[in-house]
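Counting along the sequence shown from 1, when you hit position 20 you're at 56 in the numbering used here, and nothing is skipped either side. Glycine residues also receive a C-beta, built at the ideal position from the N, C-alpha and C atoms. What you are looking at is a predicted structure, and each value in this text was computed from that prediction instead of being measured. Notes for the one structure printed next.
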Amino acid sequence: MTSKPIGVAVLGLGNVGSEVVRILTENAEDFEARIGAPLEIRGIAVRRVDGDRGVPTELLTDDPAELVGRDDVDIVVEVLGGIDIPRKLVLSALEKGKSVITANKALLAEYTGELADAAEKSRADLYFEAAVAGAIPVVRPLMQSLAGDRVNKVAGIVNGTTNFILSAMDETGADYAETLAEAGRLGYAEADPTADVEGYDAASKAAILASIAFHTRVTAGDVYREGISKITSDDLETAKSLDCTIKLLAICERIVTPKGKERISARVYPALVPLNHPLASVNGAFNAVVVEAEAAGRLMFYGQGAGGAPTASAVLGDLVMAARNKFYGGRGPLESKYAKLKVAPMGDILTRYYVSMQVADKPGVLATVAAEFSKRDVSISTVRQQGSGDGARLVVVTHLAADSALSETVASLEQLDVVIHVASVLRLEGTTV
Ligand code: HSE
């Protein structure tokens, strides 16, 4: 006897939505066997129902609210993008006791609290594996597999567009604008690339990762953020000379302040990464996340962080879990925010800086520059002069120091007569000295 079907509403038929529908349709028998009941798509919400969308036209609707409210819809898959419209639809679904699968990192990074409360009240599932690093299973490992461990750090490359651009700049020596244009032509960068290149997308993902890793609610606004648009081909050249490359990193870390208080840090910026660090060899549009947990040690997750089919894989994994819960009863793990750790300001975080500056090439310059570092208790690790005369450049790499001391040092260097121009400032990650 066939079990009662589980009704699914799909909101959005873009790259991810169409792959979700395709795979669900093509592998319907497998899904039924894995769940115990068949999944039936009740409708697909799109902006316009006209034209051939490659799905049965009777499934298409331009009224997502009506679709979400239907009695025969048990699970809602939200792959729309945007914040305000999906927020209302997801809330309304959860309030009606329907489980929700969403790939929407921007929505989650702002409103997880509100959505989780609604899911809690109606005892529905809210799953979002696809919201961070596409196909890569990292949300479920952090929420479930590592639930018995203590996670101290999650650091990763969680934006494929910027990783594609930085890898291409590293490989070809081309500058940022040229490489961004090429990424657009090849379909790796959106027409408006701001969310990716300025780090907003990665910051949303960092907020989600920090929340689940540290059992604390972190929103996108808590994440310190810098993008890659100021990275130059010279920076990548210098990185090579230091046996490093440059990656846009999302870093979530448990820290202890000098006064012994436990805090967390969530930050996104382009950083120098030593070539022997596992993240240095993650190239092109790929993503990778390294997790450091007390008992497990270091774990690394690697794979495709974007794209229709890879993201659909994560959505469908969640869909099977939510459907099983509907079929057998029960629900998945809840949002865990008991730790309530405060987020430390960027200035309190210990980092290392690389500072490249154009300087006057005459006696005493190095001592004057070095004095600015020592005044703020910043210890220098290496100094290198490149070029001479008018083209003289000093490259200073520091030891670990408070980020506020490092940024104040850079501000004071800019005021020195002997410093013509501070060309570039980057943090160094993946080292501890
Ligand atoms: N735009 C993202 C990226 C994919 O470039 O990785 C979706 O989060």
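Cβ-based neighbour list, residue i, same chain, cut-off 6 Å, excluding 5 preceding and 5 following
i      : result
Ser372 : His251
Gln340 : Gly170, Ala171, Pro346
Lys157 : none
Glu76  : Pro41, Gly43
Gly48  : Val115, Leu116
Leu370 : none
Asp237 : Asn195, Ala231
Thr53  : The question names Thr, yet the displayed sequence has Gly at residue 53. Excluding residues within five positions, the ones whose Cβ falls inside 6 Å are Val46, Val115.
Leu182 : Ala329
Ile287 : Ala191, Arg303
Ser424 : Asp397
Glu68  : Pro74
Ala437 : Val414
Option nearest residue i by Cα separation, candidates the options
i      : options                        : result
Val461 : Asp413, Ala129, Lys266, Val91  : Lys266
Ser392 : Ile385, Asp271, Gly383, Gly341 : Asp271
Leu216 : Pro306, Leu315, Ile201         : Ile201
Glu131 : Ile111, Gly87, Ala142          : Ile111
Tyr338 : Val113, Tyr260, Ile193         : Ile193
Glu262 : Pro177, Lys376, Met382, Arg290 : Met382
Ile137 : Val356, Ala324, Leu402         : Val356
Gln421 : Arg412, Leu182, Val432         : Val432
Ser247 : Thr293, His313, Arg176, Asp66  : Arg176
Thr281 : Ala316, Leu143, Gly368         : Ala316
Ala249 : Thr293, Gly296, Val325         : Val325
Asp99  : Thr93, Arg84, Asp228           : Arg84
Leu143 : Ala428, Phe164, Ser135         : Phe164
Pro173 : Glu150, Asp354, Ala129, Thr38  : Asp354
Leu289 : Val259, Ser410, Pro314, Gly366 : Position check: residue 289 holds Glu in this sequence, whereas Leu was assumed. Of Val259, Ser410, Pro314, Gly366, the residue nearest in Cα terms is Val259.
Any non-hydrogen atom of the ligand HSE within 6 Å of residue i CB
i      : result
Asp354 : no
Asn51  : no
Thr197 : yes
Ala129 : no
Ala375 : no
Gly339 : no
Ala342 : yes
Asp470 : This structure cannot settle anything about residue 470, because the visible part of the chain is limited to 37 through 469.
Asp237 : yes
Asp439 : no
Asp206 : no
Asp232 : yes
Beta carbon of residue i nearer than 7 Å to that of residue j
i      : j      : result
Val327 : Val395 : no
Gly310 : Gly466 : It is Pro, not Gly, that sits at residue 310 in the sequence shown. Contact: yes.
Asn188 : Leu284 : no
Ala45  : Ala145 : no
Ala171 : Ala350 : yes
Ala275 : Leu222 : no
Thr387 : Val414 : no
Gly358 : Asp185 : Per the sequence presented here, residue 358 reads as Ala, with Gly not at that position. The answer is no: Cβ separation not under 7 Å.
Ala166 : Ala139 : yes
Arg299 : Lys376 : no
Lys141 : Ser301 : no
Leu95  : Gly79  : yes
Leu178 : Ala154 : no
Ile244 : Val190 : no
Leu125 : Val104 : yes
Ser4   : Asn319 : The structure shown does not extend to residue 4, since the chain is modelled only from 37 through 469, so no value can be given for it.
Asn51  : Gly344 : yes
Val82  : Val57  : no
Glu408 : Leu464 : no
Ala348 : Glu102 : no
Gly149 : Arg253 : yes
Ser269 : Gly209 : yes
Residues near residue i in its chain [Cβ-Cβ closer than 8 Å; skip 5 each side]
i      : result
Ala225 : Thr197, Phe200, Ile201, Leu216, Ala219, Asp232, Val233
His435 : Arg388, Val414, Ser415, Ile416, Ser417, Val469
Arg106 : Gly43, Ala45, Arg78, Gly79
Thr293 : Arg299, Ala380, Asp384
Thr93  : Val85
CB contact below 7 Å: residue i versus chain C
i      : result
Ser240 : The chain inventory of the structure shown lacks chain C, comprising one protein chain alone.
Cutoff 7 Å; reference residue i; Cβ partners in own chain excluding five residues on either side
i      : result
Tyr147 : Arg123
Asp279 : Pro310, Leu311
Gly368 : Asp161, Tyr163, Met357, Asn361
Arg412 : Ala441, Glu444, Thr445
Met336 : Pro314, Ala324, Val326
Ala478 : No answer is possible for residue 478: it lies beyond the span of the chain, which begins at 37 and ends at 469.
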